[in-house]
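Each residue of the sequence shown is one higher than the one before, counting from 3 in the numbering used here.
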Amino acid sequence: INIVEAETGTLLGTMDGAQSQYQAHTGAVYVHQGQTFLVEELNEADHCAVVTRANPEFYTQARDITQIEVMETERSEQWGEVQMCFGTVKVTTQVVSFQRKALVSNEILGEEPLELEAKELFTKAVWFIIDEKLLLAAGLAAADFPGSLHAAEHASIGMLPLVATSDRWDIGGVSTALHADTGKPTIFVYDGHPGGAGFAERAYEAATIWLSATRDAIRACECDGGCPSCVQSPKCGNKNNPLDKKGAVTLIGVLLANAPTTGAS
3 INIVEAETGT
13 LLGTMDGAQS
23 QYQAHTGAVY
33 VHQGQTFLVE
43 ELNEADHCAV
53 VTRANPEFYT
63 QARDITQIEV
73 METERSEQWG
83 EVQMCFGTVK
93 VTTQVVSFQR
103 KALVSNEILG
113 EEPLELEAKE
123 LFTKAVWFII
133 DEKLLLAAGL
143 AAADFPGSLH
153 AAEHASIGML
163 PLVATSDRWD
173 IGGVSTALHA
183 DTGKPTIFVY
193 DGHPGGAGFA
203 ERAYEAATIW
213 LSATRDAIRA
223 CECDGGCPSC
233 VQSPKCGNKN
243 NPLDKKGAVT
253 LIGVLLANAP
263 TTGAS
């Protein structure tokens with residue numbers, strides 16, 4: 003997508019199509035070399051976003067709906083009642099709205115719907131399928147599952163650079179208390195590049211190191227209910243809700259308790 007200034011026709015830069023739906027949608031605040039612009043229109047058919055110089059007292063954050071489908075399981079390992087898998091997935095993402103938030107207070111000033119095409123990504127992922135009986139036995143109620151899974155997903159993505167040379171923005175994640183393909187609580191972490199980029203596979207191979215570091219990082223954070231340093235994500239399309247920091251520690255503890263002492267490490 004070409005980012006074009008309306009008044010002068012100057013090409014400010016380019017952005018890939020998927021990223022533009024989050025950062026250059028109609029109504030977005032776009033920042034280029036320290037200067038702020040408002041996006042007048044995102045025209046995906048013409049591969050163009052038209053922007054105008056502005057100094058708004060707010061920033062924008064897009065919200066999306068993401069679904070993930072298992073296409074092929076290429077590797078798997080049984081950890082007691084937990085199954086760890088690696089393979090090909092199809093990720094379908096649709097940006098559905100955006101919020102305006104005050105720069106100083108982060109107060110939500112408003113939310114507007116967006117009508118953008120859904121994007122499909124065929125890529126590689128690592129995922130953990132957890133028997134809900136394990137979570138109940140660890141003290142989590144069924145109502146705690148979504149927030150615990152979501153927080154664990156965010157934190158694990160944040161810690162992935164420890165074992166793979168990835169940037170947080172190279173990685174995506176989906177967590178659900180009942181996934182259509184697995185029938186159980188499941189956490190997916192996937193490469194944000196078509197065909198995969200090797201990050202998810204490295205996560206699979208170094209899973210116990212990765213998960214142990216993730217649990218330690220959440221525990222070490224001094225916040226009460228979760229913050230950007232532990233379980234919140236700057237790119238969450240669901241407004242960082244729900245998130246259960248304590249539940250995430252318990253859930254990752256369940257994964258590690260079932261992990262073999264040798265193998266994926």
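C-beta atoms are modelled at their ideal positions from N, C-alpha and C, and glycine is treated no differently.
If only complete runs of 3 or more residues are kept, the stretch 117-186 shows the beta strand (DSSP E) at 121-132, 173-178, in order along the chain.
Inter-residue distance for Val191 and Thr10 is about 42 Å (C-alpha atoms, whole angstroms).
Boundaries of the alpha helix (DSSP H) around Asp218: 209-222.
The three-state secondary structure of Glu203, taken from DSSP, is helix. Your pair Gly197 and Phe124 checks out as a contact, with CB atoms roughly 7 Å apart and the cut at 8 Å. Val6 has Leu13, Val52 as its beta-bridge partners, per DSSP. Distance from the CA of Ala205 to the CA of Leu162, rounded to the nearest whole angstrom, comes to 7 Å. Contact between the stretch 178-189 and the stretch 125-136 is present: three or more C-beta pairs spanning the two stretches fall below 8 Å.
For Thr252, the secondary structure class from DSSP, reduced to helix, strand or coil, is helix. Unbroken beta strand (DSSP E) runs of no fewer than 3 residues, entirely contained in the stretch 66-121, are found at 84-104, 110-115, following chain order. Secondary structure note for Gln25: its alpha helix (DSSP H) is the uninterrupted segment 19-25.
Judged by DSSP in its simplified three-state form, Leu245 adopts coil rather than helix or strand. As computed with DSSP, Gln234 is found in no beta bridge at all. When C-alpha distances from Leu136 are compared across Gly255, Thr12, Thr90, the shortest belongs to Gly255. Distance from the CA of Val97 to the CA of Gly174, rounded to the nearest whole angstrom, comes to 14 Å. Rounded to whole angstroms, the separation of the alpha carbons of Glu83 and Pro230 is 31 Å. The criterion of a C-beta distance shorter than 9 Å is not satisfied by Leu44 and Ala64.
DSSP places Ala47 outside both helix and strand once states are collapsed to three, so it counts as coil. Ala64 has Phe100 as its beta-bridge partners, per DSSP. If the five residues before and after Tyr24 are omitted, its C-beta is found closer than 7 Å to the C-beta atoms of Ala64, Val97, all from its own chain and listed in chain order. If you look at Thr28, you'll find it isn't in any beta strand (DSSP E); DSSP assigns it neither H nor E.
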